[in-house]
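One structure is given here, and the rest of the page talks about it.
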Amino acid sequence: MKKIISGNEAIALGFGDSGGVFASGYPGTPSTETLEEVARLGEVYCEWAPNEKVALESVIGASIAGGRALSTMKHVGVNVAADALLTLTYTGVNAGLILMVADDPGMHSSQNEQDSRNYAKFAKVPMLDPADSQEAYDMVRAGFEISEQFDTPLMLRTTTRISHAKGAVVPQQKITPQIGEWVKDVPKYVMLPNFGKLKHIEVEARLLKLQEFAETTPLNRIEMRDAELGIITSGVAYQHVREACPDASVLKLGMIHPLPERKIREFAGSVKRLVIVEEMDAIFEEQIRAMGIDVEIGKNKLPLCGEINADILRAALGGTGAVTPSPVAGLPQRPPVFCPSCAHRGLFTILSKLKVFVSGDIGCYTLGALPPMSAMHSVIDMGASISAAHGMAKVNAIAGRDEKPVAVIGDSTFFHSGMTGLMSMAYNGGNALVIIMDNRTTGMTGGQENPGTGKTLQGFPARQVEMVPLVKALGIDNVVELNAYDLKETEAAIKKGLATPGPYVLIDRNPCILRYKIRKPAMIVDQDKCTGCRACLKVACMALGLTATGEKQKVRVDPNVCNGCGVCKQMCKFDAMHELEGENNANL
Amino acid sequence: MQIFNIVIAGVGGQGVLMASKVLAESALASGMDVKQNEVHGMAQRGGSVISFVRIGDQVNSPVVMPGTADLLISFEPLEALRYIHYLKPGGRLVYNKVSINPSTVAAGLAVYPQDVEQQIAAACTNAQGIEALSIAREAGNGKAVNMVMVGTVMKDLPLKEEVITEVVKQLSQGKGVEVNLKALAGGAAA
Ligand SMILES: Cc1ncc(C[n+]2csc(CCOP(=O)(O)OP(=O)(O)O)c2C)c(N)n1
Ligand code: SF4
Ligand code: SF4
Ligand code: SF4
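Protein sequences, first through last, are from chains S and V.
1 is the number of the first residue of the first sequence in the numbering used here; add one for each residue after it.
1001 is the number of the first residue of the second sequence in the numbering used here; add one for each residue after it.
Encoded structure:
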């Protein structure tokens, strides 16, 4: 039956329908819903790993044991899993293995805009690039077949507009999973130099065979229309091409590594003007130019940064279409903020007040970097809060600067790659205050389970990692619990942590309001007592606002938005705030 | 048929995605091709959200370009103004009149423009503001604002009301069925 589903849901469905046996990944926008959907469908075993390297390695084991396996992650996740990937390409697979990676051109929800197609070249593995949900579904099956036929891991690459866009999908006949033998094969799976040398030769030969395959597979197709204009493209860019140039001839690549050189030559020879439309890096263009083929328009007219759309394309092709209307200027921005009542708000209210250097990490708490808090001063990659703070403290000591950095990290990020940094800090005699915001979920990506939540991806009860003993076991003596809703207590605890020499860890255990659906009665401001001093506005809660009229603007609380954490109330010196009687009716 | 472009805007947490899903499923149930797309990822409440639904015989791109929307549905007045340039000339706008402060306003760093509704009226001659929150509360739950909005635009869509009602029924659970159907009807009467 035809369904309307997102690219991520289509991959999940395709996995279940194509004999999938084991899936493991780590959440990351825009890839997250894929594994969530595998879990929801309930047919195939799946799990969240604490990080992408563990996920891919588990999937490698599953393939060696004979089960078709899928690993999912966002683009930067592949950096974490790259060590496994770049040797996995040598060992090859037993049962089919797909690494799904979701890129984020336009950086809707990412810290960088890296192009994962580089990894297919780097690892010398085949890569498929679906252009809609149906292709995403079909390419899982095709991907497993290619992986098994050529004894190679295969990368299935999406972008945000494929992962999150919904379109019609007609499923294929379901295949029942068949688990292969679990064989011991030392030269295949033990990458000692002597075996690895032989494997490298095989990898190069495999790439040539894959290139032959790319020449004939229907995954790469030529749509011959007007021979005046020929466009080589793939993925969502194909849809924009069809939108902007319905009459153009198109070589639509579904298998984007290795490239089908003969097919490209044939196509280039059959059209007058050749244009290459690809989002982000000039991966196709560099290879096609290296073939000695003339490209009229590529990155000379199309952007390297951000997404491509039909309007950008028309402009690059020299169209004289209507001028695109521009947005109304000067409107107040509406950036994301901590949810009303999130525990991160109390912490950042104090960090902002104390004006310390905060070495940050990736999670909801990264929003503490935005005004009015502006209390996060570096954010690199997951786990860097602690290790970077360690480096800062060492240089501060050498420079004779008597200032201790503060690292802020969430539970999921701590399990992902913060633990090793903390161990290093303890081992190497570091000197930073580390604050772990253990809200018992992976909040930023929508509230996924992790080793600290007591539940698995499939909803089964699980052994829960206890944060305090874990931190102590890593070599930290000073471990203190914190309640970030209590501003006085938080300020005192941070000051103490800063004044005590050596590593010092504070752990806040308040749960994520959104994930655990916590509701409290809303606040109300006594308009007679409010002086309009604006102290409460420093907590940056969207439930607060200034009254529109009156000679002196006062503060009011929107009862539809407030969730009653009481952090703003603690800022008020005039006792103007109290809880509203009755039930909270927060509508957000 | 020509492609019918819909843009749905609002604030994270208001149910924009559910409204998009209703429209997309209704199009599929009517035998049309459809692409629906929004960019999400940030879980937190309070950010600006925009979603596209494109309905037609064959739809390629999942993205609606500025100046081409037949219909803009906004769950908040400031967001209506923020995305009003997506409308094509003569396009239809339905918005919820209940405002929500952006964090920048809440923090006292920016001012919520007092003349949002006048600006909307000046930019779009085919605009209608509704009190979606009170209609939703009357239906039994303030969170049903999204269904109220869908109810109000039903007559503007190339889709049958019965199909939409049926899809809403199927996508709702338990008590939600009654509340959502009431909200839909309340929106339609607005
Ligand atoms: C290598 C890598 N993988 C995944 C992500 C996506 N991601 C961003 S924040 C985050 C986790 C946040 O969880 P946590 O640290 O518990 O903080 P919270 O959001 O709950 O406050 C993830 C998985 C990423 N940015 N980088
Ligand atoms: S999702 Fe959870 S952690 Fe993130 S801002 Fe909301 S309440 Fe805080
Ligand atoms: S208005 Fe105050 S009490 Fe309500 S959620 Fe915001 S900070 Fe908490
Ligand atoms: S801190 Fe108290 S007195 Fe000052 S603006 Fe806020 S509510 Fe009014």
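Ideal Cβ placement from N, Cα and C applies to all residues, glycine included.
Next item on the list: Could you pull the start and end residues of the alpha helix (DSSP H) that residue 138(S) belongs to?
Entry: Numbered from 1 along the first sequence, position 138 holds the residue referred to as residue 138(S). Its alpha helix (DSSP H) spans residues 133-150.
Check: For residue 599(S), which option in 3(S), 290(S), 317(S), 294(S) has the closest C-alpha, if you only look at C-alpha atoms?
Finding: Nothing about residue 599(S) can be read from this structure; chain S reaches only from 1 to 588.
Check: Quick one: does residue 164(S) have its CB under 8 Å from some CB of chain V?
Finding: Position 164 of the first sequence, counted from the start, is the residue given in the question as residue 164(S). Yes, because at least one Cβ of chain V sits closer than 8 Å to the Cβ of residue 164(S).
Next item on the list: Taking only beta carbons into account, state which residues of the region 1095-1110 of chain V come closer than 7 Å to chain S, listed in chain order.
Entry: Residues 1100, 1101, 1102, 1103, 1104, 1105, 1106, 1107, 1108, 1109, 1110.
Check: In its own chain, which residues sit with a C-beta less than 8 Å from the C-beta of residue 120(S), not counting the 5 before and 5 after it?
Finding: Along the first sequence, one-based indexing puts residue 120(S) at 120. Taken in chain order, the residues that qualify are 126, 127, 155, 157, 256, 257.
Next item on the list: Would you mind giving the Cβ-Cβ distance between residue 376(S) and residue 337(S), rounded to the nearest angstrom? I have them listed as a contact below 8 Å.
Entry: As a first step, residue 376(S) must be located in the first sequence, where it is residue number 376. As a first step, residue 337(S) must be located in the first sequence, where it is residue number 337. At roughly 14 Å, the Cβ-Cβ gap does not stay under 8 Å, so residue 376(S) and residue 337(S) are not in contact.
Checklist line | Euclidean distance between Cα positions of residue 137(S) and residue 282(S) | finding: For the purposes of this step, residue 137(S) is identified with residue 137 of the first sequence, where counting begins at 1. For the purposes of this step, residue 282(S) is identified with residue 282 of the first sequence, where counting begins at 1. Rounded to whole angstroms, residue 137(S) to residue 282(S) spans 27 Å at the Cα level.
Next item on the list: With a threshold of 7 Å, establish whether the CB of residue 406(S) neighbours any heavy atom of ligand 3.
Entry: By 1-based counting over the first sequence, the position of residue 406(S) is 406. Every heavy atom of ligand 3 is 7 Å or more from the Cβ of residue 406(S), so no.
Note to self: Taking the beta carbon of residue 314(S) as the centre, do at least 16 other beta carbons fall within 10 Å, making it buried, or is it exposed?
What the structure shows: If you number the first sequence from 1, residue 314(S) lands on position 314. The residue in question, residue 314(S), is buried, as its Cβ has 16 or more Cβ neighbours within 10 Å.
Next item on the list: Using a Cβ-Cβ cut-off of less than 7 Å, give me the residues of the region 1038-1066 of chain V that come near chain S, in sequence order.
Entry: Of all residues in the region 1038-1066 of chain V, 1038, 1039, 1040, 1041, 1042, 1043, 1044, 1045, 1046, 1047, 1048, 1060, 1061, 1062, 1063, 1065, 1066 have a Cβ within less than 7 Å of some Cβ in chain S.
Check: Would residue 446(S) count as contacting chain V if we go by Cβ distances under 8 Å?
Finding: What you label residue 446(S) is simply residue 446 of the first sequence in a count that begins at 1. By this cut-off, residue 446(S) is an interface position.
Notebook entry, point to check: Any beta-carbon of chain V closer than 8 Å to the one on residue 530(S)?
Noted result: Walking along the first sequence from the start, residue 530(S) turns up at place 530. With 8 Å as the cut-off, residue 530(S) does not count as an interface residue toward chain V.
Next item on the list: Below 8 Å between beta carbons is the criterion; list the residues of the region 537-560 of chain S that meet it against any residue of chain V, in chain order.
Entry: 537, 538, 540, 541, 542, 543, 544, 545, 546, 548, 558, 560
Notebook entry, point to check: Could you give the uninterrupted runs of the alpha helix (DSSP H) lying entirely in the region 427-497 of chain S, keeping only those of 4 residues or more?
Noted result: 467-473
Next item on the list: Just mark residue 460(S) as buried or exposed, buried being the case when its beta carbon has 16 or more other beta carbons within 10 Å.
Entry: Here residue 460(S) refers to the residue found at position 460 of the first sequence. Label assigned to residue 460(S): exposed.
Next item on the list: Run the proximity test for residue 137(S): is its beta-carbon closer than 7 Å to any non-hydrogen atom belonging to ligand 5?
Entry: In the structure shown, ligand 5 is absent; the only ligands present are ligand 1, ligand 2, ligand 3 and ligand 4.
Notebook entry, point to check: Name the chain V residues that come within less than 9 Å of residue 109(S), Cβ to Cβ?
Noted result: For the purposes of this step, residue 109(S) is taken as residue 109 along the first sequence, with counting starting at 1. By Cβ distance, chain V contributes 1039, 1040, 1041, 1042.
Notebook entry, point to check: Quick one, are the C-beta atoms of residue 106(S) and residue 292(S) less than 8 Å apart?
Noted result: One-based indexing of the first sequence puts residue 106(S) at position 106. One-based indexing of the first sequence puts residue 292(S) at position 292. Not in contact: residue 106(S) and residue 292(S) (Cβ atoms no closer than 8 Å).
Next item on the list: Using a cut-off of 7 Å between C-beta atoms, extract the partners of residue 1084(V) located in chain S.
Entry: The sequence position of residue 1084(V) within the second sequence is 84, counting from 1. Simply 328.
Next item on the list: May I ask whether a heavy atom of ligand 4 can be found less than 7 Å away from the beta carbon of residue 531(S)?
Entry: In the first sequence, counting from the first residue as 1, residue 531(S) sits at position 531. Between ligand 4 and residue 531(S), a heavy atom-to-CB distance of less than 7 Å is present.
Notebook entry, point to check: For ligand 4, any of its heavy atoms closer than 7 Å to the Cβ of residue 536(S)?
Noted result: For the purposes of this step, residue 536(S) is taken as the residue at position 536 of the first sequence. Residue 536(S): yes, Cβ under 7 Å from ligand 4.
Notebook entry, point to check: Is the region 1154-1168 of chain V in contact with the region 1104-1112 of chain V, if contact means three or more CB pairs nearer than 8 Å?
Noted result: Counting Cβ pairs under 8 Å, fewer than three are found: no touch.
Notebook entry, point to check: Within 10 angstroms of its Cβ, does residue 300(S) collect 16 or more other Cβ (buried), or is it exposed?
Noted result: By 1-based counting over the first sequence, the position of residue 300(S) is 300. With a threshold of 16 other beta carbon atoms within 10 Å, residue 300(S) falls short and is exposed.
Margin query: Using 8 Å for Cβ pairs, my map puts residue 18(S) next to residue 102(S). What's the rounded Cβ distance?
Written below: Position 18 of the first sequence holds residue 18(S). Position 102 of the first sequence holds residue 102(S). Incorrect: roughly 19 Å between the Cβ atoms, too far for contact.
Notebook entry, point to check: Helix or strand or just coil, what does DSSP make of residue 1033(V)?
Noted result: Taking the first residue of the second sequence as 1, we reach residue 1033(V) at position 33. Strand at residue 1033(V).
Notebook entry, point to check: Do three or more CB pairs link the region 566-573 of chain S to the region 1016-1031 of chain V at distances below 8 Å?
Noted result: no
Next item on the list: Output the distance between the C-alpha atoms of residue 1092(V) and residue 1036(V), rounded to the nearest integer angstrom.
Entry: Taking the second sequence and counting its residues from 1, one reaches residue 1092(V) at position 92. Taking the second sequence and counting its residues from 1, one reaches residue 1036(V) at position 36. The alpha-carbon atoms of residue 1092(V) and residue 1036(V) are separated by roughly 19 Å.
Notebook entry, point to check: Is residue 27(S) near ligand 1, in the sense that its beta carbon is under 7 Å from a heavy atom of that ligand?
Noted result: Stepping through the first sequence from its first residue, residue 27(S) is reached at position 27. Correct: residue 27(S) has its Cβ closer than 7 Å to ligand 1.
Item checked: CB of residue 437(S) within 8 Å of CB of residue 410(S), strictly -> Along the first sequence, read from residue 1 onward, the residue named residue 437(S) stands at position 437. Along the first sequence, read from residue 1 onward, the residue named residue 410(S) stands at position 410. Cβ atoms of residue 437(S) and residue 410(S): closer than 8 Å.
Notebook entry, point to check: Any contact of the region 64-79 of chain S with the region 22-36 of chain S, i.e. 3+ C-beta pairs under 8 Å?
Noted result: yes
Next item on the list: Kindly indicate which three-state DSSP category residue 315(S) falls into: helix, strand or coil?
Entry: For the purposes of this step, residue 315(S) is identified with residue 315 of the first sequence, where counting begins at 1. Three-state DSSP puts residue 315(S) in a helix.
Checklist line | Residue-chain proximity (residue 1184(V), chain S), Cβ-Cβ < 8 Å | finding: One-based indexing of the second sequence puts residue 1184(V) at position 184. Not one chain S Cβ lies under 8 Å of residue 1184(V).
Margin query: Is the beta carbon of residue 358(S) closer than 8 Å to that of residue 366(S)?
Written below: As a first step, residue 366(S) must be located in the first sequence, where it is residue number 366. As a first step, residue 358(S) must be located in the first sequence, where it is residue number 358. Going by C-beta atoms, residue 366(S) is not nearer than 8 Å to residue 358(S).
Notebook entry, point to check: My guess is that residue 14(S) and residue 221(S) are in contact by the Cβ rule of under 8 Å, so how many angstroms apart are they, rounded?
Noted result: Stepping through the first sequence from its first residue, residue 14(S) is reached at position 14. Stepping through the first sequence from its first residue, residue 221(S) is reached at position 221. Actually they do not touch by this definition, with Cβ atoms about 19 Å apart.
Next item on the list: May I ask you to list, following chain order, the residues of the region 330-342 of chain S that have a beta carbon less than 9 Å from some beta carbon of chain V?
Entry: 330, 331, 332, 333, 334, 335, 336, 337, 338, 339, 340, 342
Next item on the list: Compute the minimum distance between the beta carbon of residue 299(S) and the heavy atoms of ligand 3, and state whether it is under 7 Å.
Entry: Here residue 299(S) refers to the residue found at position 299 when the first sequence is read from its first residue. Flag unset: Cβ of residue 299(S) not near ligand 3.
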